[in-house]
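Trainee: Residue numbers (the UniProt record's numbering): 1 to 310.
For glycine and all other residues, C-beta sits at the position ideal for the given N, C-alpha and C.
First the structure, then my questions, so here it is.
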Ligand SMILES: NC(=O)c1ccc[n+]([C@@H]2O[C@H](COP(=O)([O-])OP(=O)(O)OC[C@H]3O[C@@H](n4cnc5c(N)ncnc54)[C@H](OP(=O)(O)O)[C@@H]3O)[C@@H](O)[C@H]2O)c1
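Dropping the structure here:
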């Protein structure tokens, strides 16, 4: 009997109602690819943005679109010209063109790395986007150094929870913004100063004191952040693709685009295993509740990462 392959797909843009659980064929791996039996897949803001069509001009994908941009599981089949992967091997990684919310997924082998022993799939699946975005935005685009001050806007979310910990571990002074209910959570991650972004004039005491602003929120709130930068300071945004047009003449604003980096991912997974940093998996959802999971981060109830468990 043919095995079912359930996939969470959209056939048009919209809200929760456009997401359907479809039965599709199990893919055969093309050259350079493997098919992964997915055990867990991280939920990200990009799933909602793709579903709603917000990114259709920046990031066009043909319908039907299988959502999900990161996964952990075991190798089910190996394509030609693939070295270093075998059936049953535990792997995890980032899928830049999405497709992770399915039982069986074809993935470019170059995007995957082996899951270390002792790292549960739900934790591995939470890492690729949050950890690589935090690392690359802080230390590569943002060039953060020990002794500098970084302000992380949106610190309670998936990327922010990682960024606070990685910046602190690197010897930076960390100022973190969150809503009131998440202030203690963000402080417990290691932030030196926590700011309730809904307070009146939340940044009044921070003018010209920050070397790097990491903006994980975008929107109108971003405009309040420019005065916080020192003269040579830099603002890096993961959430405002229109940043260049919004950057004041005397300021440096850098739009960030995460890229796959399996080797770095393996290094960050090792830090999690060594308990140097924590992977904050706050919510687990079954596959048939992906729609709710996708909206969870925007429900005002979320923190850390939401992960779908298969
Ligand atoms: N460009 C790239 O390569 C790239 C890569 C990864 C992520 N991203 C983007 O980066 C953003 C963050 O991703 P994520 O996965 O961390 O999202 P997330 O888990 O949904 O977290 C977003 C956080 O923002 C906080 N927030 C909302 N409004 C805020 C405001 N006005 N001021 C401060 N904090 C606010 C929320 O915390 P409270 O509940 O405390 O309000 C929430 O925890 C998303 O827009 C995502 O699409 C881009």
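Could you please give me the residues that DSSP links to residue 286 through a beta bridge?
Mentor: For the purposes of this step, residue 286 is identified with residue 286 of the chain shown, where counting begins at 1. DSSP output for residue 286 lists 309 as bridge partner(s).
Trainee: Would you mind stating whether residue 216 and residue 160 have Cβ atoms separated by less than 7 Å?
Mentor: Residue mapping note: residue 216 aligns to position 216 of the chain shown, counting from 1. Residue mapping note: residue 160 aligns to position 160 of the chain shown, counting from 1. Contact: yes.
Trainee: For residue 73, I'd like the list of residues in its chain whose CB is within less than 6 Å of its CB, leaving aside the five on either flank, ordered along the chain.
Mentor: Position 73 of the chain shown holds residue 73. Same-chain partners within the cutoff: 36, 37, 38 and 39.
Trainee: Using a Cβ-based criterion (distance less than 6 Å to any ligand heavy atom), does residue 156 qualify as near ligand 1?
Mentor: As a working note, residue 156 is residue 156 in the chain shown. Yes - ligand 1 has a heavy atom lying nearer than 6 Å to the Cβ of residue 156.
Trainee: Can you tell me whether residue 248 is buried or exposed? The criterion is at least 16 other CB atoms within 10 Å of its CB, across all chains shown.
Mentor: What you label residue 248 is simply residue 248 of the chain shown in a count that begins at 1. So residue 248 ends up on the exposed side.
Trainee: Are there 16 or more other CB atoms within 10 angstroms of the CB of residue 12, so buried, or fewer, so exposed?
Mentor: Your numbering for residue 12 matches position 12 in the chain shown. When all chains shown are included, residue 12 counts as exposed.
Trainee: Within 10 angstroms of the Cβ of residue 98, are there 16 or more other Cβ atoms? Answer buried if so, exposed if not.
Mentor: Taking the first residue of the chain shown as position 1, residue 98 is located at position 98. So residue 98 ends up on the buried side.
Trainee: Hey, residue 291 and residue 19 are a contact pair by Cβ (cut 8 Å); roughly how many whole angstroms apart?
Mentor: Here the question's residue 291 lines up with position 291 in the chain shown. Here the question's residue 19 lines up with position 19 in the chain shown. Going by Cβ atoms, the distance from residue 291 to residue 19 rounds to 4 Å, so yes, they are a contact pair.
Trainee: With the cut-off set at 7 Å, would you say residue 177 and residue 155 are in Cβ contact?
Mentor: By 1-based counting over the chain shown, the position of residue 177 is 177. By 1-based counting over the chain shown, the position of residue 155 is 155. Yes; because the gap between Cβ atoms is below 7 Å, this pair is in contact.
Trainee: Whole-angstrom Cβ separation of residue 102 and residue 115, contact assumed at under 8 Å?
Mentor: One-based indexing of the chain shown puts residue 102 at position 102. One-based indexing of the chain shown puts residue 115 at position 115. About 18 Å; that fails the 8 Å criterion.
Trainee: Out of 9, 77 and 120, point me to the one whose CA is closest to residue 270's CA.
Mentor: What you label residue 270 is simply residue 270 of the chain shown in a count that begins at 1. Among 9, 77 and 120, the Cα nearest to that of residue 270 is on 120.
Trainee: Could you check which residue in 4, 8 and 3 has the C-alpha nearest to that of residue 287?
Mentor: Here residue 287 refers to the residue found at position 287 when the chain shown is read from its first residue. Ranking the options by Cα distance to residue 287, first place goes to 8.
Trainee: Taking residue 113 as the reference, give the member of 89, 122, 227 and 133 with the closest Cα.
Mentor: If you number the chain shown from 1, residue 113 lands on position 113. Cα-wise, what sits closest to residue 113 is 89.
Trainee: State the start and end residues of the unbroken alpha helix (DSSP H) segment that holds residue 168.
Mentor: What you label residue 168 is simply residue 168 of the chain shown in a count that begins at 1. Per DSSP, residue 168 belongs to the alpha helix (DSSP H) from 158-169.
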